[in-house]
Amino acid sequence: MQPRRSIPRARQLRVASTDAEQTLWRRLRNRQLCGYKFRRQVPITAYIVDFLCLDPPLIVELDGGQHLEHALQDDQRAHFLEANGYRVIRFWNDVVLTRMDEVLAEILRQLELHPHPNPLPPAGEGEMAQTTHRIAYAELHCLSNFSFLRGASSALELFERAARLGYRALAITDECSLAGIVRALEASRQTGVALIVGCEVRGEDGLRVVLLVENQIGYQNLCALITRARRRAIKGRYRLQREDLLVNGGLLCLWLADAEPSPVDAHWLREHFEGRLWLAVELHRGARDAKRLAQQLAFCAEHAIPAVASGDVHMHARSRRCLQDTLTAIRHRTRIHEAGALLFPNGERHLRNLDALAAIHPRALLDETLRIAGRCRFKLDSLSYRYPQELVPEGETPISHLRALTHAGASLRWREGVPDSARAQIEHELHLIEKLNYEAFFLTVHDIVRFARSRDILCQGRGSSANSIVCYCLHVTEVDPRRVSMLFERFISAERDEPPDIDVDFEHERREEVIQYIYAKYGRERAALAATVIAYRNRSALRDVGKALGLDADQIEELSRCLGPYEDNAVLGERLRERGFDPDAAVIRQLIALVRQLIGMPRHLSQHVGGFVISGEPLASLVPIENAAMPERSIIQWDKDDLETMRLLKVDCLALGMLTCIRKCLHLLRDSGRRDLTLADIAATDRADDASARQTYDMICRADTIGVFQIESRAQMAMLPRLKPRCYYDLVIQVAIVRPGPIQGDMVHPYLLRRKNPDAVVYPSAELEPVLKRTLGVPLFQEQVMQLAITAAGFSPGEADELRRGMAAWKRRGGIEYFHERFVSGMLRKNYPLEFAEALFNQLRGFGSYGFPESHAASFALITWFSCWLKCHEPAAFACALLNSQPLGFYAPSQIIQDARRHGITVHPVDVRSSTWDSLLEPCAHDAQPAIRLGFREIRGMPQAAADAIVQARTQAAFRDVEDLARRAQLDRHALARLAEADALRGLSGHRHRASWQVAGVEKQLPLLADAASMEEAVRLRPPSARETMLADYASTGFSLGPHPLALVRAQLKARRCISARELAGSEHSRPVRVAGLVTLRQRPQTAGGVTFVTLEDESGLFNVVVWQAIAERQRRILLEARLLGVHGRLECVDGVQHVIAERLLDHSALLDELDTRSRDFR
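Using my numbering, the first residue of the sequence shown is number 3, and each one after it goes up by one.
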């Protein structure tokens, strides 16, 4: 058929379209599919295609007899169309009618695939498709998703599409930010598209420009400009003044003028950016594009300013338009349907194919982009970095000073004489540290630790730095290298040539002292915290998208319950129906699609938990600095991964609550006169002939570990009776074995079996025995992966660390095959069987992505030992310190107090006559252990200032009554009410009801009446009942020292045939049981295959419930919402560990009335 005859035929086909065509057209017309424009029944030479998208070129065909040619000609037809630049996909009619969502998803997927090499220009309906020659182009104005809530695509998505489209270069110009520029650098390396560094800024006077970096000076000036603008404003904002643009050497300027450019701005910009100024012409198929272009070109000619094409790109592809609209609504805190002019009028702000750009821009404007790109010669990876040198005494070098400190520390560590092996290792490490120029870094870390210890702040290094004997000698780490097998290359490797990572834990309540010391020593110009990128997760994405779509708060809350942790998409529809939503409703489909696109996208920058970057020069010459949310803190705009890519050194000053707890415990013991202990004293007890150590390990093997460090979770407690730790290295293994790595690698059960009969362990070869012997032939640690590669496959230490890193990332990035071939071939050269080599590599790969460092476990095991010893031998002081260090760990104060009382510790309630803010130890006449007096901190909503005022007033004289307390401590109604509700006034009032009455009558006294006594007579009120007391206790403190809530409903539970935790402990394996308890903890580890673990508490103890995925999905609402959970199931007892395997869940919360209990879920 001739082309001219095809047009009438196409019109006939539109009229006679099938049901499937009409149904699909209703979903494609008017750019409904993410902004893509489709036409139907379009003639292309002799052919008529069903649906055509021109940008990118895609043809959608439906099979059903509507084609002009016979079915046998389909291949010839498709070949012709693809040869002319089109991609063709085909669907059956019945698929369109019955599975529309899948059809639309596939069309979207195809639109995102690589375009063909000859993308077509836009054409009017009925016009013949043509191809044009390619042009060259560089995009100079592009926002990534690090222009938070503006850019809708990642740098990698942008660069991949730019590469497919043939762009020569891509400028990432996020708004007043370089937060995403390192990711852009990595994307540039992957795709080969040149990166231009820049940013878009808007001045307070409305002037908008894009600044592009031409050279090193320009980069430094851009960082300084962003820093000035950001430091001038609160976190997340910036204030740019026109004067900030005056220091602009090495920067090229693209003026983003208004529709009618200002001659005044033109004169100012031309004066200050002479030879470096262009007017950006940005055309997006608007109705006035032609007029706008003519006006801008005329203005440029009049004012002698060159023009250049740019795209104002906000997304890599048109399919992101819906998401970009949603981000705009979120940013402006409005609904999409009310956003109006805030939204872009179309989806043209994406990376368009070159012919589409040529159709709307004069060729000269496109060519100008290449000239500008050619001037931007700055390479981000050329930045240099120097560490501060001021810690080096005059007359010494950094390495000589570090060597002196190391040898002095070694003499303290080995008072009987430093072993030759230790001396050799010290010299090996110092040589490598000097070679890589890290001496000043080690001196800085030593200085920070020295400061902390001088202030009696507990601290300890952990992570890979525990592999370093230099760190041990500097007292940065505390792991004796004689107790573990060190591998220094896990920490520093000349072959890897990447900066070392030193993590130091400090007491969480005193870490701020350390942070402010660093700021004071180096200044906020040379020291700043690294950033953390806060990305959207399920609930945050759903909340923001839901608001943008106009859902109310109750609907969003209900929907959020459908998107729990580790959501299984297969059951999402069922969850939605359970909550009363129609999963097929358009708004729900749109919501879920947008949420899934948004998850993982950055939302804003926050501060890293403690990663400090310190520089010899002002940091703002390397990376912009902005204010943190916390006062007196500033952060750089790069996160820890960016720092690693850019080879900037970072020291992590982290907060660890258990160190706070241990220090407070030691102080409680000293201040109460029980004993004066140090951590060295406790560490010295860990030997086979020490009775206190045997008692401590007995406690550990019983899984009596609530509140201790690392081995307090229910999974760890279930493992303890099976592993039965009896020495320090057993604790190292215990800390590491309940982790995803060993579980994924199926190494837990083999290891436990070998512990039962270690003499039967057979090693693969004599050379591998030293590597595997400490873990009975089962590799559990990352260091063992490296040692196996070195010993069995001939890797160098640096290559072995690359293997470890590759395995850690292979699930996300791939690229493991190189190591696989290298590993197997290396083992074959050493005469290992192929089957063994393959099996070993697969086993290592299974756990490599989650493998735990031995050095990390060894550091943690020390703190585990300290906390276990204190819990075993000073349980009252340890429990008291735990309460004073909250929030901390898995257990709330309620469980800590219940555990202490089960161990025979007397716990006294909060009392204004004797309590302080923290809990205290009090003598207990009839017990070897002191009693715990709870502190005011346990009362919800109680201000610490009010508590301190009570203590201060009490030092002068005892309180006579409530009015005397209120007058002398100057307490307001709020504080008095909190005290009355918590029954902290019982010593002055008698009971809760009377206290509340008296508080209601108290007037805050004026100074003139300060000594006046109240004349109000006591009112006779009945004391509260046991149930009222329990409810009020939980409402005010979250726990009760009276009867446990379940003791009050035990009769009702017995009527339901529920047994207690005590009765459960005496039951046999496989027995059907019914239990009920308060939910204290819910967990669903990623490695558990959808299984949920629940910890329940009753008046006699705790017990564990295992809920398989099928039951969890079927009874999800009860599982997640019940406060008093009933379980019908079967008791499982293995190696002394009990679990109830749930078969049915019941919500008995109604028995608790309004009891306020709170669980700690999915920690």
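Virtual Cβ for every residue (Gly too), placed ideally from N, Cα, C.
How would you label residue i, buried or exposed, when you count the other beta carbons within 10 angstroms and need 16 or more for buried?
| i | result |
| --- | --- |
| I536 | exposed |
| P400 | buried |
| R455 | exposed |
| V184 | buried |
| E262 | exposed |
| E71 | Note that E71 has pLDDT 40, beneath the 50 cutoff, so the model's placement of it is unreliable and the number below is only indicative. Exposed: under 16 other Cβ atoms inside 10 Å. |
| D761 | exposed |
| E1018 | Model confidence at E1018 stands at a pLDDT of 45, short of 50, so the residue's coordinates are unreliable; what they give is reported in the following sentence. E1018 should be labelled exposed. |
| K549 | buried |
| L344 | exposed |
Take residue i as the anchor and find which of the options has the nearest alpha-carbon.
| i | options | result |
| --- | --- | --- |
| A971 | D449, V420, I137 and R956 | R956 |
| D207 | R244, L227 and A181 | R244 |
| C564 | R545, L551 and G552 | R545 |
| N275 | L253, G937, S495 and E284 | Per the sequence shown, residue 275 should be read as Phe rather than Asn. It is L253 whose Cα lies nearest to the Cα of F275. |
| L923 | L1121, A949 and C882 | C882 |
| A231 | R204, F938, K293 and F1041 | R204 |
| S466 | H858, C663 and R665 | H858 |
| D974 | A947, G992 and D985 | A947 |
| E491 | R807, L227 and R323 | R807 |
| T479 | R415, D422 and R457 | R415 |
| R233 | R405, I637 and Y38 | I637 |
| T371 | I504, E350, A311 and L345 | A311 |
| T1171 | D803, W867, F838 and F854 | In the structure displayed, the chain extends from 3 to 1165; residue 1171 sits before or after that span and is not available. |
| L1249 | N540, G548, I590 and E527 | Residue 1249 lies beyond the stretch modelled for the chain, which goes from 3 to 1165, so this question has no answer here. |
| N540 | P604, H510, D505 and V953 | P604 |
| N886 | N250, E940 and K873 | E940 |
| R757 | E771, V780, A140 and A720 | V780 |
Which class does residue i belong to by DSSP, given the choice of helix, strand or coil?
| i | result |
| --- | --- |
| P400 | helix |
| V215 | strand |
| W1110 | coil |
| R457 | coil |
| F825 | helix |
| Y49 | strand |
| D503 | strand |
| P760 | helix |
| P1174 | Absent from the model: residue 1174. The displayed extent of the chain is 3 to 1165, so no value can be given. |
| H875 | helix |
| V1173 | The displayed coordinates of the chain run from 3 to 1165. Any statement about residue 1173 would go beyond what the structure contains. |
| W416 | coil |
| V1051 | coil |
| R92 | strand |
From residue i to residue j, what distance separates their C-alpha atoms?
| i | j | result |
| --- | --- | --- |
| E1070 | R1132 | 10 Å |
| V463 | R485 | Sequence check: residue 463 is Gly here, not Val. Taking the straight line joining both Cα atoms gives about 16 Å. |
| A530 | G618 | 12 Å |
| E497 | G800 | 5 Å |
| A410 | I450 | 17 Å |
| C1135 | S869 | 28 Å |
| G182 | D260 | 27 Å |
| H993 | D920 | 23 Å |
| G397 | D507 | 33 Å |
| L62 | V90 | The amino acid at residue 62 is misidentified as Leu; the sequence shows Val. Rounded to whole angstroms, V62 to V90 spans 6 Å at the Cα level. |
| A1144 | E876 | 37 Å |
Heavy atom of the ligand MN less than 7 Å from the Cβ of residue i, yes or no?
| i | result |
| --- | --- |
| P835 | The ligand content of the structure shown is nil, which means the ligand MN is not present either. |
Identify every run of the alpha helix (DSSP H) within the stretch 1076-1158, keeping only runs that are complete inside it and at least 4 residues long; order them along the chain.
1111-1116 and 1118-1123
Those runs of the alpha helix (DSSP H) which lie wholly inside the stretch 891-940 and span at least 4 residues
895-904
Segments of 3+ residues assigned as beta strand (DSSP E) that fall wholly inside the stretch 304-379:
309-311
Taking only runs of the alpha helix (DSSP H) that begin and end inside the stretch 518-547, which ones reach a length of at least 4 residues, in chain order?
none
Fully enclosed by the stretch 605-665, which beta strand (DSSP E) runs are 3 residues long or longer?
627-629, 636-641 and 652-658
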